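*Asks:* In mature numbering (1 follows the signal peptide of the UniProt record, and there is no 0), the protein residues as written are -20 to -1, 1 to 358.
A virtual CB, placed ideally from N, CA and C, is assigned to each residue, including glycine.
It should be emphasised that the depicted structure is a prediction, and the values quoted were computed from it without experimental measurement.
First the structure, which I've put down as structure tokens, then a few questions once you've had a look.
Below you can see the structure in the form of structure tokens.
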């Protein structure tokens, strides 16, 4: 009999710096969804095992397009460089709520489903975010009108509209199936970057209690719709203290992975600020993950156009250091942005200046790509 609650003894390493000696502790980890499918439980168990071997590498929209190409069967910029796919594939549901045939990045939802199923068949892992529109204004997720979130809560004027949106998400998530007809497990990351003020659900646009309520409402509603193939990710942007990170935290019964997003900027060309910020934030969530029995991750990261030829081993891996994170996901490879007149990508492609260093990064024992995770059996 497969139990929905996993109890494992794992080695959890608490590093206070890149060179710190690990402290070993016992941690009991369990999924927040007590009715999670056996496949979801199995993935969670595998994530726990993998986190002790290294960290998974992920890439947004990896299979759909890359720099100067789109919708080529089996292609991936990452695979073009290292001969292997990412371990984690990132996708987004935005557009589903307004019945668009394509998501926010222009990918047809039918193709996205195909890519998710193909990646899963090879042993890859799926994570999904949702840049959904502001239900109060009908504009984009970045239409950060204060108090919009309050309107979707029970009794609010947009609650019915919001539940219809959740119905659409539930139907899509339940449509993701393997060749045996089983639901594909998904690392689900709603209401992401919540400590930033740029989204309608972000800091300053709702109260912490309202955020917790909408999170719990979403969790409970999807449960009622029979969605039990999700591993829930709590996600912030930058933060400075444990209190900052936990201000909107819905509680241990509603989240499985603690994470944050962090990007290096052009005013930090050597990456010193990026490394320091990531290290400080990992120190905080590593302690929380240990105490509250959660996996930890960097759910988004990158340096746009990667101008530093040694960025992968010299900055990103150095920033992660010895922390036992589950995964790090790099943002998408859009390519040329006509409106902004610049290149927009976060993983290397063949001929890109950081290509050689990315190969060195790939060859590190602790970086795990798709071939690596297939060697681990539950």
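Sorted by chain position, which residues of the same chain lie with C-beta nearer than 7 Å to residue 350's C-beta, five sequence neighbours on each side aside?
*Replies:* Here residue 350 is taken as the residue at index 370 of the chain shown, counted from 1. Result list for residue 350: 64, 65, 66, 67, 102, 103, 104, in chain order.
*Asks:* Compute the Euclidean distance between the alpha carbons of residue 348 and residue 17, then round it to the nearest angstrom.
*Replies:* Translated into positions along the chain shown, residue 348 becomes position 368. Translated into positions along the chain shown, residue 17 becomes position 37. Straight-line Cα distance between these residues: approximately 25 Å.
*Asks:* Beta strand (DSSP E) containing residue 239: first to last residue?
*Replies:* Taking the first residue of the chain shown as 1, we reach residue 239 at position 259. Looking at the DSSP string, the run of the beta strand (DSSP E) that includes residue 239 is 237 to 244.
*Asks:* By the three-class DSSP mapping on this structure, what secondary structure does residue 281 have?
*Replies:* By one-based count along the chain shown, residue 281 stands at place 301. Three-state DSSP puts residue 281 in a strand.
*Asks:* Considering only residues of the region 278 to 343, which uninterrupted alpha helix (DSSP H) runs meet the minimum length of 4 residues and lie entirely inside it, listed in chain order?
*Replies:* With a minimum length of 4 residues, the continuous alpha helix (DSSP H) runs that stay inside the region 278 to 343 are 297 to 300, 335 to 342.
*Asks:* Classify residue 195 as buried or exposed, calling it buried when 16 or more other Cβ atoms lie within 10 Å of its own Cβ.
*Replies:* The sequence position of residue 195 within the chain shown is 215, counting from 1. Classification of residue 195: buried, given that the 10 Å Cβ count is 16 or more.
*Asks:* Among 309, 296, 273, 46, which has the Cα closest to the Cα of residue 60?
*Replies:* Within the chain shown, residue 60 is the residue found at index 80, counting from 1. Comparing Cα-Cα distances from residue 60 to each of 309, 296, 273, 46, the minimum goes to 46.
*Asks:* Using a Cβ-Cβ cutoff of less than 7 Å, which residues in the same chain neighbour residue 137 once the five nearest sequence positions on both sides are dropped?
*Replies:* The residue you call residue 137 lines up with position 157 of the chain shown. Excluding sequence neighbours, residue 137 sits near 131.
*Asks:* Can you grab the Cα-Cα spacing for the pair residue 243 / residue 309, in whole Å?
*Replies:* Residue numbering aside, residue 243 sits at position 263 when the chain shown is read from its first letter. Residue numbering aside, residue 309 sits at position 329 when the chain shown is read from its first letter. In a straight line, the C-alpha of residue 243 is about 11 Å away from that of residue 309.
*Asks:* If you draw a straight line from the C-alpha of residue 343 to the C-alpha of residue 327, how long is it?
*Replies:* Along the chain shown, read from residue 1 onward, the residue named residue 343 stands at position 363. Along the chain shown, read from residue 1 onward, the residue named residue 327 stands at position 347. Answer to the nearest angstrom: the Cα atoms are 16 Å apart.
*Asks:* Which of the three DSSP states is assigned to residue 195 in this structure?
*Replies:* Here the question's residue 195 lines up with position 215 in the chain shown. Looking at residue 195 - three-state DSSP - the assignment turns out to be helix.
*Asks:* Which two residues bound the contiguous alpha helix (DSSP H) that contains residue 100?
*Replies:* As a first step, residue 100 must be located in the chain shown, where it is residue number 120. Element bounds for residue 100: 89 to 102.
*Asks:* Return the first residue and the last residue of the beta strand (DSSP E) that residue 71 is part of.
*Replies:* As a first step, residue 71 must be located in the chain shown, where it is residue number 91. Element bounds for residue 71: 68 to 72.
*Asks:* Is the CB-CB distance between residue 329 and residue 314 below 9 Å?
*Replies:* Counting from one through the chain shown, the residue named residue 329 turns up at place 349. Counting from one through the chain shown, the residue named residue 314 turns up at place 334. Against a cut-off of 9 Å, the Cβ pair of residue 314 and residue 329 comes out as no contact.
*Asks:* Could you spell out the range, first to last residue, of the beta strand (DSSP E) harbouring residue 212?
*Replies:* If you number the chain shown from 1, residue 212 lands on position 232. Run containing residue 212: 210 to 216, per the beta strand (DSSP E) assignment.
*Asks:* Whole angstroms are fine: how far does the CA of residue 258 sit from the CA of residue 220?
*Replies:* For the purposes of this step, residue 220 is taken as the residue at position 240 of the chain shown. For the purposes of this step, residue 258 is taken as the residue at position 278 of the chain shown. Whole-angstrom Cα-Cα distance: 11 Å.
*Asks:* Use the C-beta contact count for residue 165: other C-beta atoms within 10 angstroms, 16 or more gives buried, fewer gives exposed.
*Replies:* Along the chain shown, one-based indexing puts residue 165 at 185. So residue 165 counts as buried.
*Asks:* By Cβ distance, which residues of its chain are closer than 7 Å to residue 198, with the 5 residues on each side in sequence left out?
*Replies:* Mapped onto the chain shown, residue 198 falls at position 218. Taken in chain order, the residues that qualify are 146, 170.
*Asks:* Provide the residue span of the alpha helix (DSSP H) that contains residue 255, from first to last.
*Replies:* The residue you call residue 255 lines up with position 275 of the chain shown. Per DSSP, residue 255 belongs to the alpha helix (DSSP H) from 252 to 271.
*Asks:* For residue 167, name the three-state secondary structure that DSSP assigns.
*Replies:* Counting from 1 along the chain shown, the entry for residue 167 is found at position 187. DSSP places residue 167 in strand when its eight states are reduced to three.
*Asks:* When you compare only the Cα positions, how much space is there between residue 338 and residue 26?
*Replies:* Residue numbering aside, residue 338 sits at position 358 when the chain shown is read from its first letter. Residue numbering aside, residue 26 sits at position 46 when the chain shown is read from its first letter. Near 25 Å, if we compare the C-alpha coordinates of residue 26 and residue 338.
*Asks:* Looking at the secondary structure, which residues open and close the alpha helix (DSSP H) in which residue 22 lies?
*Replies:* Taking the chain shown and counting its residues from 1, the one referred to as residue 22 is at position 42. Element bounds for residue 22: 18 to 31.
*Asks:* Could you pull the start and end residues of the alpha helix (DSSP H) that residue 143 belongs to?
*Replies:* Taking the first residue of the chain shown as 1, we reach residue 143 at position 163. 139 to 155 is the extent of the alpha helix (DSSP H) around residue 143.
*Asks:* How would you label residue 81, buried or exposed, when you count the other beta carbons within 10 angstroms and need 16 or more for buried?
*Replies:* For the purposes of this step, residue 81 is taken as the residue at position 101 of the chain shown. Classification for residue 81: exposed.
*Asks:* So for residue 106, helix, strand or coil by DSSP?
*Replies:* As a first step, residue 106 is located in the chain shown; it is residue number 126 there, counting from the start. In the structure shown, residue 106 sits in a strand (DSSP, three-state: E or B).
*Asks:* State the Cα-Cα distance for the pair residue 205 and residue 108, rounded to the nearest angstrom.
*Replies:* Residue mapping note: residue 205 aligns to position 225 of the chain shown, counting from 1. Residue mapping note: residue 108 aligns to position 128 of the chain shown, counting from 1. Using only the alpha carbons, I get a separation of about 18 Å.
*Asks:* Run through the DSSP bridge pairs and tell me what residue 40 is partnered with.
*Replies:* To locate residue 40, count along the chain shown from 1; it is residue 60. Residue 40 pairs with 70.
*Asks:* Pop quiz: residue 236 and residue 11 are said to be a contact at Cβ under 8 Å. What is the actual Cβ separation, rounded to whole angstroms?
*Replies:* Indexing the chain shown from 1 puts residue 236 at position 256. Indexing the chain shown from 1 puts residue 11 at position 31. Right, the Cβ-Cβ distance comes to about 6 Å (below 8 Å), so this counts as a contact.
*Asks:* Under the assumption that residue 248 contacts residue 215 (Cβ atoms under 8 Å), give the Cβ distance between them as a whole number of angstroms.
*Replies:* Counting from one through the chain shown, the residue named residue 248 turns up at place 268. Counting from one through the chain shown, the residue named residue 215 turns up at place 235. The pair is not a contact, with the Cβ atoms about 22 Å apart (cut-off 8 Å).
*Asks:* Could you give the distance in angstroms between the alpha-carbon of residue 53 and the alpha-carbon of residue 187?
*Replies:* The count along the chain shown starts at 1 and reaches residue 53 at position 73. The count along the chain shown starts at 1 and reaches residue 187 at position 207. Cα-Cα distance, rounded: 45 Å.
*Asks:* I'd like the span of the alpha helix (DSSP H) that includes residue 225, first residue to last.
*Replies:* Numbered from its first residue, the chain shown carries residue 225 at position 245. That run of the alpha helix (DSSP H) goes 222 to 226.
*Asks:* Going by the beta-carbon positions, is the gap between residue 120 and residue 114 smaller than 9 Å?
*Replies:* For the purposes of this step, residue 120 is identified with residue 140 of the chain shown, where counting begins at 1. For the purposes of this step, residue 114 is identified with residue 134 of the chain shown, where counting begins at 1. Yes, Cβ-Cβ distance for residue 120 and residue 114 is below 9 Å.
*Asks:* Of the choices 293, 79, 227, whose alpha-carbon is the least far from that of residue 193?
*Replies:* Along the chain shown, read from residue 1 onward, the residue named residue 193 stands at position 213. Comparing Cα-Cα distances from residue 193 to each of 293, 79, 227, the minimum goes to 227.
*Asks:* Just curious, the alpha helix (DSSP H) that residue 351 is in, first and last residue?
*Replies:* The count along the chain shown starts at 1 and reaches residue 351 at position 371. Element bounds for residue 351: 350 to 353.
*Asks:* Evaluate residue 86 with the Cβ neighbour count: other Cβ atoms within 10 Å of its Cβ, from every protein chain shown; 16 or more gives buried, anything less gives exposed.
*Replies:* As a first step, residue 86 must be located in the chain shown, where it is residue number 106. With fewer than 16 other Cβ atoms within 10 Å, it is exposed.
*Asks:* Quick check on the burial criterion: 16 or more other C-beta atoms within 10 angstroms. Buried or exposed for residue 287?
*Replies:* Reading the chain shown from its first residue, position 307 is the one you call residue 287. Answer is exposed; the Cβ neighbour count stays below 16.
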